[in-house]
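Reading through the structure tokens given below for one structure.
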Amino acid sequence: MSKAQAIRMERPRYFREQPQQAAERVSGSERDRLMERISDLLRERDAVLVAHYYTDPDLQILADRTGGYVSDSLDMARFGAEHEASTLVVAGVRFMGETAKILTPEKRVLMPDLEATCSLDEGCPPDAFSAWCDRHPDRTVVVYANTSAAVKARADWVVTSSIALDIINHLKARGEKILWGPDKHLGDYLQRETGADMLLWDGSCIVHEEFKGLELEKLRGEHPEAKVLVHPESPRAVVEQADVVGSTSKLLEAVTTMDAREFIVATDAGIFHKMLESAPDKVLLKAPTAGRGATCSSCAHCPWMALNGLHSLLRVLERGDNEIQVDEAVAEKARVSLGRMMDFARAHKRAVAGDA
Ligand code: SF4
Numbered sequence: 001m002s003k004a005q006a007i008r009m010e011r012p013r014y015f016r017e018q019p020q021q022a023a024e025r026v027s028g029s030e031r032d033r034l035m036e037r038i039s040d041l042l043r044e045r046d047a048v049l050v051a052h053y054y055t056d057p058d059l060q061i062l063a064d065r066t067g068g069y070v071s072d073s074l075d076m077a078r079f080g081a082e083h084e085a086s087t088l089v090v091a092g093v094r095f096m097g098e099t100a101k102i103l104t105p106e107k108r109v110l111m112p113d114l115e116a117t118c119s120l121d122e123g124c125p126p127d128a129f130s131a132w133c134d135r136h137p138d139r140t141v142v143v144y145a146n147t148s149a150a151v152k153a154r155a156d157w158v159v160t161s162s163i164a165l166d167i168i169n170h171l172k173a174r175g176e177k178i179l180w181g182p183d184k185h186l187g188d189y190l191q192r193e194t195g196a197d198m199l200l201w202d203g204s205c206i207v208h209e210e211f212k213g214l215e216l217e218k219l220r221g222e223h224p225e226a227k228v229l230v231h232p233e234s235p236r237a238v239v240e241q242a243d244v245v246g247s248t249s250k251l252l253e254a255v256t257t258m259d260a261r262e263f264i265v266a267t268d269a270g271i272f273h274k275m276l277e278s279a280p281d282k283v284l285l286k287a288p289t290a291g292r293g294a295t296c297s298s299c300a301h302c303p304w305m306a307l308n309g310l311h312s313l314l315r316v317l318e319r320g321d322n323e324i325q326v327d328e329a330v331a332e333k334a335r336v337s338l339g340r341m342m343d344f345a346r347a348h349k350r351a352v353a354g355d356a
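First residue of the sequence shown: 1, per the UniProt record's numbering; consecutive thereafter.
Right under this line is the structure:
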């Protein structure tokens, strides 16, 4: 990599001013060296880097600069499937690597850290979920993309946040009753919006659950012109104050297209990198996670996403370990529930991207 390219990879100002939450702190010259070495290895290993919006901006910059991709999980998997590289390096959390492997079983899928998981996935063990489904055989099982391969395999449908409303409306119109898992806040939002008959699994995202309704109200009072953008994994008291509720892609689009200067954003702060890249003049405020009852264990940044760093990325490329494996019998069933969503999206010309 040339010096000029290295300079263009400068860490964005917003993140320079925040405490770096990644497991590894990297100084300026060390950062340049790591980025250069990773770029070389991606080429040598016939690999492409796909990174989630919530990962550290250094990884997002690397993905963009090396011909990779930054997006939501399903869009990451679709990009990987269409890309000619034989190896996908997925910077995100485990269910994203699994989804990539399910959709492209012939490719090698590596992840910087296999410990990177998700509270929604962790809070929905396949055996317990399957037993719950068995107790409600009259209901259609719809699960969020943020689940393990085994839970997807047990479901009739997988949905992402951007297409969930359409699919739940579609099932309701067919007279189907729904068993929903694992995110109770997203389920509650879908139930209220569609009026569908839904039973909800008791799961949540530890990042979005921390946003506080009362404190958001106060912040809105201090910034009366600001538009409020909320991911529907947030609690009802936060969702009800939103100008826009939607997937990460929808919130990103809102920042660039809405005629407002200030935005209060209730989703993982990792998205600020792409928001400021596409709308550098806008002012972004983190929705409050502090206040009464606050523990702020994430402070608007997913601790598992933060396990993805330059050192772990370099390690996985050097060693070629941390490969994602999905049992083929499980993958085959999961492809059916994922496929239903993709067919629905094609038929209705809708985008499916949009997990947390
Ligand atoms: S932000 Fe929430 S939903 Fe996304 S990976 Fe982290 S815990 Fe899971």
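All C-beta atoms, glycine included, are put in the ideal place defined by N, C-alpha and C.
Here the structure is a predicted model, which means the values were calculated and not measured.
- In this structure, what does DSSP give as the bridge partners for V58? The identity of residue 58 in the sequence shown is Asp, whereas the question assumes Val. Paired residue(s): none; D58 is not in a bridge.
- Query: Of the residues T140, M96, E318 and T257, which one's Cα is nearest the Cα of E44?
  - Reply: E318
- In angstroms with no decimal places, state the Cα-to-Cα distance between D134 and D40. 50 Å
- Query: Is F211 helix, strand or coil by DSSP?
  - Reply: coil
- Can at least three beta-carbon pairs, one atom from the segment 222-237 and one from the segment 255-275, be found at a separation below 8 Å? yes
- Query: Just to confirm, does N146 get its C-beta within under 7 Å of one of the non-hydrogen atoms of the ligand SF4?
  - Reply: yes
- My guess is that L179 and T147 are in contact by the Cβ rule of under 8 Å, so how many angstroms apart are they, rounded? That belief does not hold up - the Cβ atoms of L179 and T147 are roughly 13 Å apart, past 8 Å.
- Task: Could you tell me whether the Cβ atoms of A300 and K286 are closer together than 8 Å?
- Result: yes
- Item | S71 and T160 closer than 8 Å at C-beta | no
- Output the residue ranges of the alpha helix (DSSP H) runs that lie fully inside the segment 255-325 and measure 4 residues or longer, sorted by chain position. 272-278 and 310-319
- Query: Can you tell me whether DSSP reads V97 as helix, strand or coil?
  - Reply: According to the sequence provided, residue 97 is Gly. The question's Val does not apply to it. Helix at G97.
- Task: Go ahead and pull the three-state DSSP assignment for D113.
- Result: coil
- Is it the case that the Cβ atoms of W201 and F95 are separated by a distance below 8 Å? no
- Message: Residues in the same chain with beta-carbon distance under 6 Å from A164, minus the five sequence neighbours each way, listed in chain order, please.
- Response: L190
- Query: Per DSSP, which one or two residues make a beta bridge with Y189?
  - Reply: In DSSP, Y189 forms no bridge with anything.
- Item | Selection from S27, M35 and G28 that minimises the alpha carbon distance to L314 | M35
- C-alpha distance - M111 paired with H311, whole-angstrom precision: 12 Å
- Would you identify the three-state DSSP class for H52, choosing helix, strand or coil? strand
- Message: I'd like the span of the alpha helix (DSSP H) that includes residue 388, first residue to last.
- Response: Nothing about residue 388 can be reported from this structure: the residues present for the chain run from 1 to 356 only.
- Skipping 5 residues on each side, what residues in its chain have a beta carbon closer than 6 Å to that of K172? T194 and A196
- Closer than 7 Å: I271 CB and nearest the ligand SF4 heavy atom: no
- Task: Please name the residue in A150, V142, N169 and K250 whose C-alpha comes closest to that of D156.
- Result: V142
- Can you list the beta strand (DSSP E) stretches of 3 or more residues lying completely in the segment 132-163, in chain order? 140-144 and 157-159
- Task: Can you say whether K212 is buried or exposed, counting buried as having 16 or more other CB atoms within 10 angstroms of its CB?
- Result: buried
- In angstroms with no decimal places, state the Cα-to-Cα distance between A331 and K101. 8 Å
- Message: Would you say the beta carbon of S119 is closer than 7 Å to some non-hydrogen atom of the ligand SF4?
- Response: yes
- For S247, which three-state DSSP category applies? coil
- Query: Is it the case that the CB of E233 approaches a heavy atom of the ligand NAD more closely than 7 Å?
  - Reply: In the structure shown, the ligand NAD is absent; the only ligands present are the ligand SF4.
- Message: Considering only heavy atoms of the ligand SF4, does any lie closer than 7 Å to the CB of H185?
- Response: no
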